[in-house]
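Have a look at the structure below, then the notes.
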Amino acid sequence: MIELKTPAEIDRMHTTGRFVAEVLTEVGRIADVGVNLLDIEQHVRGMIAERGAESCYWDYAPSFGRGPFRNVICLSVNDAVLHGLPHDYVLRDGDVLSADIAVSIDGWVADSARTVVVGTTADEGDLRVIRATEDALEAAIDAARPGNRLGDISAAIGGVARAYGYPVNTEFGGHDLGRTMHGDIHIPNAGRAGRGLTLRPGLTLALEPWFARTTDKIVFDPDGWTIRSADGSRTAHSEHTVAITEDGPTVLTRRGQD
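So the sequence shown is numbered by our numbering: it starts at 39 and just counts up by one.
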């Protein structure tokens, strides 16, 4: 069932979105050389508890994955791009870290992700794939307007990927959300414009382009969760929660530096 939110309900989602943005800003600040992923996980747990929010990841058990997820943030390093389990790994100079988080506050969810380079040694190819996901996200947001279709969002993301020369995997992509983290809508990161559901005010979507530098194929770690590029190439992931309003798209998880 697709639920259209009232302006007041979107405002409540925006409250959650501001907190999610705060968490991802903090993760970007503390993700440094010598920091363990488990320490980032614990720090985020503390922020969630202090805010009185609820993690949407804890006990999450979809059709994929091995057992319920027992962390509050996904931390994916280098060739890992989605659903990375925080584990005993110390960040190194030049690592690419993707952080993805969804929480609920007073029953309303927001979901967002960002990718950063750790330390001071940044490979230009890594920076380029990060920029590509960010540009694709902005193109997707611009397409999220009343009267457009879901295919317009997918086509916008895919168009940016093609311009950068990156292949696109369509197995995992965006989705609708509101009272729960995942609704019935799947938004692939490539598609045909003018196709699919007509976008209406009140629809809230998590738009999340992710690319690997040289492949659209993925593999799963033995943990059943962490998704990596099949050829080991580095990856990036950018995501915002966006509300479609009469006046156009409103980003509910925009970070200050954006």
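C-beta atoms are modelled at their ideal positions from N, C-alpha and C, and glycine is treated no differently.
Three-state class that DSSP yields for residue i in the structure shown
i	result
residue 174	helix
residue 123	coil
residue 65	helix
residue 277	strand
residue 152	strand
Chain-order list of residues whose beta-carbon lies under 8 angstroms from that of residue i (same chain, five-residue window excluded)
i	result
residue 53	143, 144, 146
residue 58	139, 140, 141, 148, 149, 150, 279, 291
Spatial distance of residue i from residue j (CA atoms)
i	j	result
residue 40	residue 204	32 angstroms
residue 116	residue 208	20 angstroms
residue 155	residue 124	17 angstroms
residue 174	residue 247	6 angstroms
residue 100	residue 45	30 angstroms
residue 253	residue 141	31 angstroms
residue 132	residue 159	5 angstroms
residue 197	residue 166	16 angstroms
residue 106	residue 94	12 angstroms
residue 236	residue 250	30 angstroms
Where the alpha helix (DSSP H) containing residue i begins and where it ends
i	result
residue 145	It is not in any alpha helix (DSSP H) - residue 145 carries neither H nor E in the DSSP assignment.
residue 266	Per DSSP, residue 266 belongs to no alpha helix (DSSP H); it is in the beta strand (DSSP E), 265-267.
residue 193	188-202
Cβ neighbours of residue i in the same chain (closer than 7 angstroms, five flanking residues each side left out)
i	result
residue 152	62, 66, 137, 276
residue 164	134, 155, 272
Residue from the options with nearest C-alpha to residue i
i	options	result
residue 186	247, 210, 239, 89	239
residue 170	195, 80, 182, 260	195
residue 72	97, 126, 46	126
residue 181	257, 163, 219, 283	283
residue 293	234, 60, 279, 188	60
residue 91	129, 56, 268	56
residue 172	129, 245, 113	245
Neighbourhood of residue i by C-beta, 6 angstroms cutoff - its chain only, sequence neighbours within 5 removed
i	result
residue 234	187, 188, 189
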